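Be aware that the sequence shown starts at 602, since it is given in our numbering, and climbs by one per residue. We put the CB at the ideal spot given by N, CA and C, even for glycine. Keep in mind that this is a model prediction, so the values were computed, not measured. This report concerns only the one structure given below.
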Amino acid sequence: MDPEARTITVNKAMECDSSGVPSLRHVTKTAAGMRTVDIPQRLAAYMAELPRDNLLVIPSAHGGVLTDSA
Numbered sequence: 602m603d604p605e606a607r608t609i610t611v612n613k614a615m616e617c618d619s620s621g622v623p624s625l626r627h628v629t630k631t632a633a634g635m636r637t638v639d640i641p642q643r644l645a646a647y648m649a650e651l652p653r654d655n656l657l658v659i660p661s662a663h664g665g666v667l668t669d670s671a
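And the structure:
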């Protein structure tokens, strides 16, 4: 994430196995999935305050993957 440019670079993907357990893929499913996305100033400001000790952009309250309903 680049808070000054207000962008997020997508270069990984989360996928779930048949039992629903999530895992991180270090590439996206297709080359088109690798991209940089503009984000609103409000989101950039919020994310700039988050600790950067996690690979997830916005993890759950417990630091893990958000649920489908989240």
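Check	Outcome
Whether Ala645 touches Arg626 by CB criterion (7 angstroms)	no
Beta carbon of Val611 nearer than 7 angstroms to that of Arg643	no
Residue interval of the alpha helix (DSSP H) (run including Arg643)	Gln642 to Ala649
Leu625: first and last residue of the uninterrupted beta strand (DSSP E) it sits in	Pro623 to Arg626
Range of the contiguous beta strand (DSSP E) that encloses Thr629	Taken as a continuous stretch (DSSP letters only), Thr629 belongs to no beta strand (DSSP E), as it is neither H nor E.
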